[in-house]
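Engineer: Every letter in the sequence shown is one number past the one before it in my numbering, and letter 96, counting from 1, is 80.
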Amino acid sequence: MSKNNNDSMESLIRMLDVVDALPAAVALRARSYDLLTLPDGAAVVDVGCGAGRAVDELGERGMRAIGVDLSEEMIAVARHRRPRSDFRIGDAFDLPLEDGEVAGYRADKVYHELADAAKALGEARRVLAPGGRIVLIGQDWDAFIIDSDDPALTRTIVHARADLIPNPRAARRYRNLLLDEGFQDVQVEAQAGVFTDAAMLPMLTGIAQGARVAGAVTAEQETAWVTEQTERAQAGRMFLALPIFVASASRPEE
-15 MSKNNNDSME SLIRMLDVVD ALPAAVALRA RSYDLLTLPD GAAVVDVGCG AGRAVDELGE
45 RGMRAIGVDL SEEMIAVARH RRPRSDFRIG DAFDLPLEDG EVAGYRADKV YHELADAAKA
105 LGEARRVLAP GGRIVLIGQD WDAFIIDSDD PALTRTIVHA RADLIPNPRA ARRYRNLLLD
165 EGFQDVQVEA QAGVFTDAAM LPMLTGIAQG ARVAGAVTAE QETAWVTEQT ERAQAGRMFL
225 ALPIFVASAS RPEE
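Right, here's the structure in full:
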């Protein structure tokens, strides 16, 4: 890995660590574990496991957790931090699991990165045992709420950045995607993640940079917007709200 890529990965992991430690994030993960409704010793796969925090927490709840991530770098970090846990490099479309091997499937902030969410759900159904449980968590990238003195520019930035993501509105489609794949007992909960901490400023600057690269805003507009958000963060006046959806369902008994 090049130095720039290494620095980028370290920066990403630092930001994820900060976000994952927030009380709201802790509560959201706990809710996802509750929705799995699995007995002690049940096998569960965490798809897009990143540095492995959820795998660790699922293990603490008595489940036999398997972490899968496409990033070799992330899996290396996860194995270093949690050497006793089971981490595997793998693709959401081709999981390193046998048919019906797990009783639970969890994917947190993954499906917006997948161009073909239906294909990933087909793979989820393959690895789930009959009656197995699935839980999906994700934010709607096209519906970020950011306080700004220039709401029109903010809307342009948010929508332009969303259009750079393979599947920015996947979370609002969870229910219908699960129904289309034949899952039963489909339920969806909506929450809002509210962030006012300066630690989230890199996310906002990244959104603006993406909009500028896409040609939706000028460099001057990007600079003005980022300057305002930086001043808000320094003054404790930043406001970012993310609509988050949590969907749960069961694979039919066969």
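Where a beta carbon is used, it is the ideal one built from N, C-alpha and C, also for glycine.
Are the CB atoms of Val86 and Leu54 within a distance shorter than 8 Å?
Structural biologist: For Leu54 and Val86, no; Cβs fall outside 8 Å.
Engineer: Going along the chain, which residues of its own chain have a beta-carbon closer than 8 Å to the beta-carbon of Ala102, five neighbours each way excluded?
Structural biologist: Within the same chain, Ala102 has close Cβ partners Leu161, Asp164, Glu165.
Engineer: Measure the C-alpha to C-alpha separation of Pro212 and Met222 and round it to an integer number of angstroms.
Structural biologist: For the sequence presented, residue 212 should be read as Glu rather than Pro. In a straight line, the C-alpha of Glu212 is about 9 Å away from that of Met222.
Engineer: Threshold first: 3 residues or longer. Then list the beta strand (DSSP E) segments lying entirely within the region 121 to 201, N to C.
Structural biologist: Entirely contained in the region 121 to 201, the beta strand (DSSP E) runs reaching 3 residues are, in chain order, 168 to 179.
Engineer: DSSP on Ser232, reduced to helix/strand/coil?
Structural biologist: Three-state DSSP puts Ser232 in a strand.
Engineer: Which value, in whole angstroms, describes the spacing of the CA atoms of Ser132 and Arg145?
Structural biologist: Their Cα atoms are separated by approximately 16 Å.
Engineer: Return helix, strand or coil for Val29, following the three-state DSSP convention.
Structural biologist: If DSSP states are grouped into helix, strand and coil, Val29 belongs with the strands.
Engineer: How many Å lie between Ile59 and Arg66 at the Cα?
Structural biologist: So the alpha carbons of these two residues sit roughly 10 Å apart.
Engineer: Beta-carbon separation of Gly74 and Val52 under 8 Å?
Structural biologist: Taking 8 Å as the Cβ cut-off, Gly74 and Val52 qualify as a contacting pair.
Engineer: Kindly indicate which residue of Glu215, Met184, Glu204, Glu237 has the alpha-carbon position closest to the one of Leu0.
Structural biologist: Of Glu215, Met184, Glu204, Glu237, the residue nearest in Cα terms is Met184.
Engineer: Go ahead and pull the three-state DSSP assignment for Ala76.
Structural biologist: In the structure shown, Ala76 sits in coil (DSSP, three-state: anything other than H, G, I, E or B).
Engineer: Going by CA-CA distance only, name the one from Gly46, Arg156, Gly43, Gly36 that's closest to Glu56.
Structural biologist: Taking only the C-alpha atoms, the option nearest Glu56 is Gly36.
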